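Residue numbering for the sequence shown follows the working numbering, starting at 286 and increasing by one per position.
Beta carbons: idealized from backbone N, C-alpha and C, even for Gly.
Owing to the predicted nature of the structure, the values given are computational and were not obtained by experimental measurement.
Have a look at the structure below, then the notes.
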Amino acid sequence: MAFLPDRGGLVGFILLVVLLLEGHFRWVAAQHCVWYDECGESEKVPGKKYNCNYTGPPKPLAPEGHDLLTELCPGYDYGSRNLCCNVDQLRTLKGSLQLPLQFLSRCPACFSNLMNLFCELTCSPRQSQFMNATQINESNVLEVQYYIGQTFSNAMFNACRDVEAPSSNVKALSLLCGKDAKDCNATNWIQYMFDINNGQAPFPIIPVFSDFPVAGYIPMNNKTYGCSEGLEDGSGPCSCQDCTKACGPKPVPPPVPPPWTINGMDAMTFIMWISYTAFLFVFIGTVVAAWCYRKRTIMSEYEPILDSNNPLSLNSDNPDTVKASCYETLGERFENTLRVVFSFWGSFCVRNPGLVILTSLALVAISSGGLFYMNITTDPVELWSSPGSQARQEKDYFDSHFGPFFRTAQLIITTPLNSTFIYSPYIGGSDVPFGAILDKDILDQVLDLQLDIEALVAMYEDQNVTLKDICLAPLAPYNDNCTILSVLNYFQNSHDVLNHSKGDEFYVYADYHSHFLYCVSAPASLDDTTALHDPCLGTFGGPVFPWLALGGYDSTNYNNATGLVITFPINNYLNDTVRLGKARAWEKEFIRFMKDFKNPNLTIAFSSERSIEDEINRESNSDISTVVLSYGIMFIYISLALGHIHSGRRILVDSKISLGIAGIFIVLSSVSSSLGIFSYAGIPLTLIVIEVIPFLVLAVGVDNIFIIVQTYQRDERMPQEELHQQIGRILGDVAPSMFLSSFSETVAFFLGALSNMPAVRTFSLFAGLAVFIDFLLQISCFVSLLGLDLKRQEANRLDIVCCLKLQNDQETRTDSILFRFFKKCYAPFILKQWLRPIIVAVFVGALSFSIAVVNKVEIGLDQKLSMPDDSYVLQYFKNMSQYLHTGAPVYFVVEDGLNYSSLEGQNAVCGGVGCNNNSLVQQVYSASLISNYSTIAFTPSSWLDDYFDWVKPQSTCCRYYNATGAFCNASVVDPSCVHCRPLTQSGKQRPVGDDFMHFLPMFLSDNPNIKCGKGGHAAYATAVDVYPNNTKVGASYFMTFHGIMKESSDYIDALKMARMLAENISQSIDHKVFAYSVFYVFYEQYLTIAYDTAFNLSVSLAAIFVVTTVLLGFEIWSAVLVCVTIAMILVNMFGVMWLWDISLNAVSLVNLVMACGISVEFCSHVVRAFSISMKKTRVERAEEALANMGSSVFSGITLTKFGGILILALSKSQIFQVFYFRMYLAIVLLGAAHGLIFLPVLLSYVGPSANKAKVLAANKRFLGTERERLLNY
């Protein structure tokens, strides 16, 4: 009995037998089908059929279905090909899976798993093992349950989750899951594919997910492939772009370099503090030591330079014993030559005023005649980008191969209503809050506005122009609807669709809320899968991505949007002025309409392509009155200040109003002559030239006028000296100084024309010529006019009314109040022994501060500054930075020469299976993973990858008419249409050689449709430049988007990073690739603006040094002091720019170059007066130079400019207020401070010794004259 099992063991044995028998019978039962063949039409999905109810054994597949089975279910022939499906079901399966095939087959493992799911469902001889027909109506299966292993589902989803849709820059699952890819998972993806609302499933298929048997059914849990695995048929693993597992480690951006600090303080600040402290210590120590030394030796720096008892003394009784050096002799002879030439010329001009004036007028008239050919450049591209610059050449290349970047008209719409509302989905789920801008009443009003804009009619050359005449219509001529990137395109731009809802008297099942929520997740869908079954695809045939049409939302919660963005892309034309004129005419009408549009519920910011240019022109016109008033004040001051009134009775005789007006006209004549000469040469003007050069030339010209006139007023006529001789002598004294400053500025400006920046180069050319012409007119025409005016004054004739005459009386000569102030008060005070060290310390301190902040001056130009205060574009700029969620498109252009017909050429670029890991598409994709660093926001669209998917033989996309070879669209039902490539192993490979070019034109002309979403016409019609006769692919581009850009620094970083990426790609694929975006031509200047600034200012300083050295008689130290002072002014300008929030850009660089020129006026006259002074000590020479030249410089530049500059503060133009008022004021104040305070003190310390040869020559020249008595005194 021991061998018998006990009671418990017996029960267990019986249970085991029962289970085995049940499994056996279930396995036997599993050999029958659930359906076979197709029967009645589906009631819920038109055009689809129900499968026939059939529970018999599998049936052999007809021979004509063998190839189809191999195509759809490779490796799943189930041995004997006895299946639960026939050929018709296989054909239906193929048609239903065309879109998944086109979008997912680029990852073989993903698509194999997906086909496994559907092949088992449709044809498996073991259907009854994992399928249960829950509803049957006569012969039709109306609903089934499909038991699917959770492991299989997750593995299939994981293999597909990263697959890209290249034409849309999104994940493929965003187009196939019914929601955004980030919200998609294995469960809701499969549920969506089996839902009748997707338009493909003819009846409900209810998936049940489990890894364990459920109710006697064993879930389908077939083997799956990971996306990083190859298939048994030889297909390789998915690319990194489509499979994160196939990638290496995620790229990590380099760490942001820490700020340069020393002991926790900004390094430059720390260094300059230390340097300044060290300077003060050394300087004060030196001053104190020198003072002590002088006290001990009973000497003073106020004593003569050389002891008068020394035989080398300039004041010795025997000057012949003084020996001058070679350089001093050469300098004196050069100075004397200039004096003689200018004296002769001045005398000639006074003696022959008619000849000189008429000749000058004739030359000015001839030169100014070029103004008839004047061409003013307002095109921002021509203004800011050099034709030879990299960005400009790349723009020209892009435009010539693909056409210019389209124009845009854009609205950013918000609402003053701040209420939100809650949407509660009928089928359950959490409540969804909606922003006020998405209220249906608001959307209806916005749609009315959009339709009104579409209906606008503009006039161009007596022709009507509508939006359809100029808009971007990517599917034309088959679909001529305009591209309108608007959330209302989710509703087909129709009030009926917007108001479409499904429900009954109790509930609303679906309305615009549910449609919106679906469309922002799947914008390319043709069916929203709700009860509405409305499409999301725009009427123009393309998707409207929510990040382009909505603004003010957080993360991807588009329902929280607070703004709507409506964009109308408009065709741009390279060399077609007529069509471009039509576009501009419509944009003008659009602007007029929007300015007049009023709606209390809508706040609208808008702009068009022409808006910025129009507003800049309007700004320039509105500022004319401000500029005229500014110049008018300066003109009045000049006319009044030039005269020297000796008494109230002689006020009308001694005034110089007519001479001042004549001097002003000479300045303006030099400007018009410069403009005219360059206009003859075909060089276009810019607004900067027109606005800045008169200011510059007025500063230089008026200064010279004051020097000539005031020197005469302080001069005493020699005995037996006639007027023409006196003026000639005066001109001989002052003209070299005028020549020094004018020629220095001219050379500096002309060298500034070496700049690559068109605005700077044009300004430098015009300014250099204008300054030199002004100098020539002043020493000729103005001198003649001065002679005539002095003859009038000596004849006691009234100014202006020359025919009237006062009675003869004795004229008493007195110095002007300003000159007496400078001579008696200001100069002695500035040069006091205790004050000079303080002045040096203050100015060096300001210099140290400015050096410390030079690298902190912001680079760029805030585009808001270019607009008037009252411009509608300002609100658009503000809303753009607040609401837009993506940046500008960026194109990675592969230049002509890459062989796309070879596998090597394809692998270097594409992003699918078999492509290189460092291919173009792959590198851009990797960059998009670190978008905060790279500024690349999305995976690039790739025509090449989409072409490979389109041409696959499994797809219905690529077909042609067998008889003619012409392309046959996927929507055409015609038995004569055959696949482009055979369903063989070689046919499944990528096309190469002649095959590649044979089918490419078909792809580029194919419009996407419900049967083929990969047609390339809409997305890539302009992306590929095909050679004539379709022989070869030339240039092509791959597009993506930059991230959000708000400040100038963001745009500069985007350009820099895109170029860096393009350079890496070029090196990797050994072929030239460049990045292009529409804003690059404007921001390229900022990549090198620091270098350009340093170069331009250094060249200008070098030119000033060389010219000053020569014209001061080879006095190198004098030239060094001039350049040091000018350099201090320029560095301090950067300090002012940092303090006053003035950024460094082309406009401010022009002003800095101008500041360099004007600074010459502040410095050179004082230094030359110091160098020729006959006084005995440096302090006395500095005092005399400051007294003689300081008053002229102060009255000629500082006071002249000050009044005019203050008026600029009243301008409505922000760019005038910032770059003209602020910078001009800083230039004048810094120039006056350095030229009239710091420079004399500097000269009193380290000024050059007197030129012995010049002093001896002066002594001989003034021997026996009144000047000798004054010198001795």
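V426 sits in a strand when the DSSP states are folded into three classes. In this structure the segment 492 to 512 does not touch the segment 1260 to 1273; the number of beta carbon pairs closer than 8 Å is below three.
With respect to G1298, V1311 sits apart: the two C-beta atoms are not nearer than 8 Å.
Cα atoms of R376 and D322: separation of roughly 11 Å, rounded to the nearest angstrom. Shown here, A1360 sits in a strand according to DSSP, grouped into three states.
Setting aside the 5 residues that flank it on each side, L1132 is surrounded in the same chain by M1413, V1416, N1417, each with a C-beta closer than 8 Å to its C-beta; the list follows chain order.
For M1342, the number of other beta carbons within 10 angstroms of its own is at least 16, and it is reported as buried. Collapsing the DSSP output to three states places G1301 in coil.
Below 8 Å, too few C-beta pairs join the segment 1421 to 1440 and the segment 1481 to 1499 to call them touching: fewer than three. Scanning its chain for C-beta atoms nearer than 6 Å, with the 5 sequence neighbours on each side dropped, one finds around S653 the residues S957, S958, G961, in chain order. Per the coordinates, the alpha-carbon of F1364 lies some 8 Å from the alpha-carbon of Y1336. Between the alpha carbons of Y794 and N845 lies a distance of about 22 Å. Following the DSSP letters along the chain, one finds Q387 inside the alpha helix (DSSP H) bounded by residues 383 to 389.
In this structure, L1528 sits near F1455, with a CB-CB distance shorter than 8 Å. DSSP places A1248 outside both helix and strand once states are collapsed to three, so it counts as coil. Within its own chain, the residues whose Cβ lies closer than 6 Å to the Cβ of H800, once the five positions on either side in sequence are excluded, are D813, L817, D819, listed in chain order. Between the C-alpha atoms of C525 and K467 there is a straight-line separation of about 18 Å. Among the bridge pairs identified by DSSP, G948 is matched with none. In chain order, S632, V635, R636 place their CB closer than 6 Å to the CB of H1009, counting only its own chain and leaving out the 5 sequence neighbours on each side. Counting C-beta pairs with one atom in each stretch, the segment 378 to 398 and the segment 500 to 515 have three or more that are closer than 8 Å, which means they touch.
Here DSSP, grouped into helix, strand and coil, assigns V850 to strand. With contacts defined as CB atoms closer than 8 Å, I992 and L1071 fail to qualify as a contacting pair.
Inter-segment contact for the segment 1437 to 1452 and the segment 1025 to 1036 is present: three or more beta-carbon pairs are separated by less than 8 Å. V987 places its beta carbon less than 8 Å from that of I923. Look at H785 here: in three-state DSSP terms it is coil, with no helix or strand label.
In this structure the segment 733 to 743 lies against the segment 859 to 874, because at least three pairs of beta carbons, one per stretch, are closer than 8 Å.
Per DSSP, reduced to three states, the secondary structure at Q1270 is coil, with no helix or strand assignment.
Of L640, T1410, C1200, K1296, the smallest CA-CA separation from V1451 is found for T1410. When L1159, Y1376, N856 are compared, the shortest CA-CA separation from I901 is found for L1159. Under the three-state reduction of DSSP output, A1306 falls in the coil class, being neither helix nor strand. Listed as beta-bridge partners of P345 by DSSP are N367. Counting along the chain, the unbroken beta strand (DSSP E) around F891 starts and ends at 888 to 893. Counting along the chain, Q1207 sits inside the alpha helix (DSSP H) bounded by residues 1205 to 1213. For Q1352, no beta strand (DSSP E) run applies; the uninterrupted alpha helix (DSSP H) run containing it begins and ends at 1333 to 1354, by DSSP. In this structure, DSSP gives Q995 a helical state, which the three-state scheme calls helix. Going by beta carbons, N507 and E405 fall inside the 8 Å limit.
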